[in-house]
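Those letters in the sequence shown? Residues 0 to 160, by numbering that gives the first Met the number 0.
Beta carbons are placed, not taken as given, at the ideal position from N, Cα and C, and that holds for glycine.
On a predicted model such as this, the values are computed, not experimentally measured, just so you know.
Here the structure is laid out as structure tokens; the discussion comes afterwards.
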Amino acid sequence: MTKILVTGGNGQLGQSILSLVNKYKNLNIHFSDIDELDISQSEQLKEYTRAANIDYLINCAAYTAVDKAEHEKVLAKKLNAEAVKNIAIAATENNFRVIHISTDYVFDGNTFKPYTEASFAVPASYYGQTKLLGEKYLMENHPASMIFRTSCFIRNLPIIL
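Below is the structure:
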């Protein structure tokens, strides 16, 4: 059975995924929060994922206070970029796939056309810069990863996996 770890399990997105997967009893999926697993702590993350022997990690953990990121830059960068790099390194060492949830804030919003995978990312905020840096770290250190850029989540509405 495929083993899946969801980081940020107590957050809005993690809880939405939890409500979706509760219907499927054949999934071996575990939801962690910062009290159980601090992804900004590289060694803890490597040991946790090694012991859990996971196949996939879905990263829903993030610093999401867009406006506060301008004033809490160290914390925003730690959670949105450096922690994602830790995930990438742990994935390479422990041989699991990563599904990373990012944001449309990596774009400046100055277009009327839909963004595609080939669209050039130019963040207009520090929050967007940290999310883009996290994506960069992930692809440099674990290129087999998948990144989903989202625009918003509304609690208790269906999501597509």
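Here T1 carries a coil assignment [DSSP, helix/strand/coil]. N79 is a Cβ neighbour of G133, given a cutoff of 8 angstroms.
Within a 10 Å sphere around the beta-carbon of K112 sit fewer than 16 other beta-carbons, which makes this residue exposed.
Around I98, the same chain offers I57 and M145 as residues with beta carbons nearer than 6 angstroms, after the five sequence neighbours per side are excluded. Counting the other Cβ atoms within 10 Å of the Cβ of T149 gives fewer than 16, which makes it exposed.
Counted as a single uninterrupted DSSP element, the beta strand (DSSP E) harbouring T102 occupies residues R96 to T102.
For I38, there is no enclosing beta strand (DSSP E), since its DSSP letter is neither H nor E. About 10 angstroms separates the beta carbon of G10 from that of L17, a gap too long to meet the 8 angstroms contact definition.
Per DSSP, I16 is one residue of the alpha helix (DSSP H) stretching across Q11 to V20. For Y55, the enclosing beta strand (DSSP E) stretches over residues Y55 to N58. Three or more pairs of CB atoms, one per stretch, sit closer than 8 angstroms, so the stretch 68 to 87 contacts the stretch 119 to 139.
Comparing alpha-carbon positions, the option among C151, A90 and G127 lying closest to T48 turns out to be A90.
Separation of the CB atoms of A87 and T129 is rounded to 15 angstroms, and the pair is thereby denied contact status at 8 angstroms. For N27, the enclosing beta strand (DSSP E) covers residues N27 to F30.
In this model, A143 and F95 are separated by some 10 angstroms (Cα to Cα).
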